[in-house]
Each structure stands twice: as structure tokens, then as C-alpha cells.
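Student: Dropping the structure in here first, questions after.
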Amino acid sequence: MSHIFASRVLWVLTALVLVATVALAGTRGREWWDARAIEHAQTDALAAGRQHAVNFATIDYRKVDEDTGRVKAGATGEFLASYTSQLEGLKKVIVDNRSVSRVERSEAALVTGDRDSATVIVGVIAPTSNTVVPSGEKKTYRTKLGLRLVGEQWKVERLEFVG
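Residue 20 in the numbering used here sits at position 18 of the sequence shown, with consecutive numbering throughout.
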């Protein structure tokens, strides 16, 4: 009788250990998966932020619609509304001044980020020429971008210049 009881207790203990092991593995596996997903999102947001800042600083009066269209396509929310409302005036200034700016170098850093939002600081060096400075000069821009994942694409919802 005691042999049967001991056998049942052993099976119950084995089952409990197995359930606890599976629960622990599931919890740790989920934490690992979440951490990898956030890390992947942060990497994507950083790359997108850098590209959006490059798009913003790259302009050529001869293809102003194409250049501003790229910026607008990468915008959402507050930034999209602001950029759209100022776009016609901006295009006129770019064309009238024969402005050309192309990014020579960019550096980016992630400030914060999760699966669907991020803040990125991007610095760009962009040689720029226009009717006032026809031979060009190097301009440096530092921007802080608030990004939001919209569908599968990281878009700029806030853009501010920082010192």
C-alpha cells in the first residue's frame, strides 16, 4: 500500500515540476521574444529616422515636387499637417532661390523606442547652394524626430531642430 502511495506522490511531484518548468520556459521565452521585437523595432526606427532626416535636408529646386513628396510620404500626424500647410510657400522659396542641398554625412542616435514609437536625434551635414551663396556652403542640421509606426512604415510625427 505504501509503495502505491509513494508512486502516486512521485507522479504528482513529477507532473508539478513539469508544469512549473513549462510555465517558466513560456514566461522566459515570451520575455526573450518581446525583447527581440523591441530591439528590432528600435533598429528599424533608427534607420528610418536617419533616412527621414536626410530626405528633409535633401532638396533641389529642379525636382522640388519629388523631394518634398518624399518628405510628405514619410510624415504623419502633427508633422504632416504642418508640412502640408506650409508646402506651397516652401516650394516657392526653394525655386525662387534656386536652392540645392544634398546630405554629405549623417549620424543618428536612438533616444527612446518601443514597438510602435521612437525618438531619434539626427545630425546631417549638407552642402547647400542658392542665389545668395552660389558656390555653396556646408550647413549642419540637428533634428529630433518623433516617429510612429504606421502599418509597416516608420513615419515622422514630430520634427524639431535642436542645438
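In this text, a Cβ means the ideal position worked out from N, Cα and C, and glycines have one as well.
Given this structure, state the Cα-to-Cα distance separating K94 from S131, to the nearest angstrom.
Tutor: Looking up residue 94 in the sequence shown gives position 92. Looking up residue 131 in the sequence shown gives position 129. Rounded to whole angstroms, the separation of the alpha carbons of S131 and K94 is 16 angstroms.
Student: Considering S108, what are the terminal residues of the beta strand (DSSP E) in which it resides?
Tutor: One-based indexing of the sequence shown puts residue 108 at position 106. Looking at the DSSP string, the run of the beta strand (DSSP E) that includes S108 is 107-115.
Student: With DSSP as the reference, label R104 as helix, strand or coil.
Tutor: What you label residue 104 is simply residue 102 of the sequence shown in a count that begins at 1. In the three-state DSSP reduction, R104 falls in the coil class, being neither helix nor strand.
Student: Beta-carbon separation of R52 and A128 under 8 angstroms?
Tutor: Taking the first residue of the sequence shown as position 1, residue 52 is located at position 50. Taking the first residue of the sequence shown as position 1, residue 128 is located at position 126. Not in contact: R52 and A128 (Cβ atoms no closer than 8 angstroms).
Student: Runs of 4 residues minimum, wholly inside the stretch 35-107: which ones carry the alpha helix (DSSP H) assignment?
Tutor: Within the stretch 35-107, the complete alpha helix (DSSP H) runs of at least 4 residues are 66-75, 79-98.
Student: What is the DSSP secondary structure of T16, reduced to helix, strand or coil?
Tutor: As a first step, residue 16 must be located in the sequence shown, where it is residue number 14. Residue state, collapsed to three classes: helix.
Student: Beta-carbon within less than 7 angstroms of E80's beta-carbon, same chain only, minus the 5 sequence neighbours each way: which residues are those?
Tutor: Against the sequence shown, residue 80 aligns to sequence position 78. Closer than 7 angstroms at the Cβ level, and outside the excluded window around E80, lie E159, R160.
Student: Report, in whole angstroms, the separation of the C-beta atoms of T60 and S108, which I expect to be a contact under 8 angstroms.
Tutor: As a first step, residue 60 is located in the sequence shown; it is residue number 58 there, counting from the start. As a first step, residue 108 is located in the sequence shown; it is residue number 106 there, counting from the start. In fact, because the Cβ distance is near 10 angstroms, the residues do not count as touching under 8 angstroms.
Student: Please identify the residue among T121, I123, K74 whose C-alpha is closest to the C-alpha of L92.
Tutor: Position 90 of the sequence shown, counted from the first residue, corresponds to residue 92. The option with the nearest alpha carbon to L92 is K74.
Student: Quick one: using the 10 Å Cβ neighbour count with 16 as the cut-off for buried, is H54 buried or exposed?
Tutor: The sequence position of residue 54 within the sequence shown is 52, counting from 1. Buried, because 16 or more other Cβ atoms sit within 10 Å of the Cβ of H54.
Student: What residues in its chain sit with their C-beta under 8 angstroms from that of D46, if we drop five residues either side in the sequence?
Tutor: Working through the sequence shown from its first residue, we reach residue 46 at position 44. W156.
Student: Whose C-beta lies closer than 8 angstroms to the C-beta of V164 among residues of the same chain, with five residues either side of it excluded?
Tutor: Residue numbering aside, residue 164 sits at position 162 when the sequence shown is read from its first letter. Cβ within range, chain order: I123, R144, T145, K146.
Student: If you check the beta carbons only, do G76 and N57 fall under 8 angstroms apart?
Tutor: To locate residue 76, count along the sequence shown from 1; it is residue 74. To locate residue 57, count along the sequence shown from 1; it is residue 55. G76 is a Cβ neighbour of N57, given a cutoff of 8 angstroms.
Student: Taking all protein chains shown into account, decide if A39 is buried (16 or more other Cβ within 10 angstroms of its Cβ) or exposed.
Tutor: Mapped onto the sequence shown, residue 39 falls at position 37. The residue in question, A39, is exposed, as its Cβ has fewer than 16 Cβ neighbours within 10 Å.
Student: Which residues in the same chain have their Cβ closer than 6 angstroms to the Cβ of K141, if we skip the five residues on either side of it in sequence?
Tutor: For the purposes of this step, residue 141 is taken as residue 139 along the sequence shown, with counting starting at 1. Excluding residues within five positions, the ones whose Cβ falls inside 6 angstroms are A128, T130.
Student: Taking the CB atoms as reference points, tell me whether L89 and T114 lie closer together than 8 angstroms.
Tutor: Stepping through the sequence shown from its first residue, residue 89 is reached at position 87. Stepping through the sequence shown from its first residue, residue 114 is reached at position 112. Result no, Cβ atoms of L89 and T114 do not sit closer than 8 angstroms.
Student: May I ask you to report which of helix, strand or coil DSSP gives T133?
Tutor: Along the sequence shown, read from residue 1 onward, the residue named residue 133 stands at position 131. DSSP places T133 in coil when its eight states are reduced to three.
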